[in-house]
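Engineer: Numbering (mature numbering (1 follows the signal peptide of the UniProt record, and there is no 0)), first residue to last: -24 to -1, 1 to 115. Cβ atoms here follow ideal geometry from the backbone N, Cα and C, with glycine treated the same way. As the structure is a computational prediction, the values presented were derived from the model and not from experiment. Dropping the structure in here first, questions after.
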């Protein structure tokens, strides 16, 4: 399981950046730079939002929702990537991809729940889940 989780580090890193930014976006001004400066990885945060022109003129709440949408896009891409790898005949690798897929599905369930109902409690729930997941990744 540690191998599966470590291979998901890029997705969890992105989620960490986006959730940190989402929480920060509720407490700072409308500036993307201000919000991203409060995240764990401000450069990655700012680059992700730079690709979304709509992020330049939104309220802090909408900015937080954009962070979640970006994470969901990346998660869907990761899910598609993993599905393409399930045809391998290497049992060890197949088990790893299968476990990674389970982790991605869980992450996507949290993100989709937040997209459907973007309330403060859901942001905090996602942040809590992410903290516990990342804690398990690095121990």
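(1) Could you check whether residue 90 and residue 51 sit closer than 8 Å to each other, using their CB atoms as the reference points?
(2) Give the range of the alpha helix (DSSP H) segment to which residue 46 is assigned.
(3) In this structure, how does DSSP classify residue 64 when only helix, strand and coil are distinguished?
(4) One question on the structure: do residue 40 and residue 99 come within less than 8 Å of each other, judged by their Cβ atoms?
(5) Express the C-alpha separation of residue 96 and residue 11 in angstroms, rounding to a whole number.
(6) Have a look at 43, 35, 29 and flag the residue whose alpha-carbon is nearest the alpha-carbon of residue 21.
(7) Applying the criterion that 16 or more other CB atoms from any shown protein chain within 10 Å of the CB defines a buried residue, is residue 57 buried or exposed?
(8) In terms of alpha-carbon separation, which member of 35, 37, 102, 8 lies closest to residue 84?
(9) Looking only at C-alpha atoms, which of 25, 78, 35 sits nearest to residue 49?
Structural biologist: According to the structure data:
(1) Not closer than 8 Å, so no.
(2) Secondary structure note for residue 46: its alpha helix (DSSP H) is the uninterrupted segment 36 to 61.
(3) Here residue 64 sits in coil by DSSP.
(4) Their beta carbons are under 8 Å apart, which means residue 40 touches residue 99 by this criterion.
(5) Our two residues, residue 11 and residue 96, have alpha carbons roughly 16 Å apart in a direct line.
(6) Nearest neighbour of residue 21 by Cα position, chosen from 43, 35, 29, turns out to be 43.
(7) Residue 57 should be labelled exposed.
(8) For residue 84, the closest C-alpha among the options 35, 37, 102, 8 is that of 102.
(9) A check of alpha carbon separations from residue 49 across 25, 78, 35 identifies 25 as the nearest.
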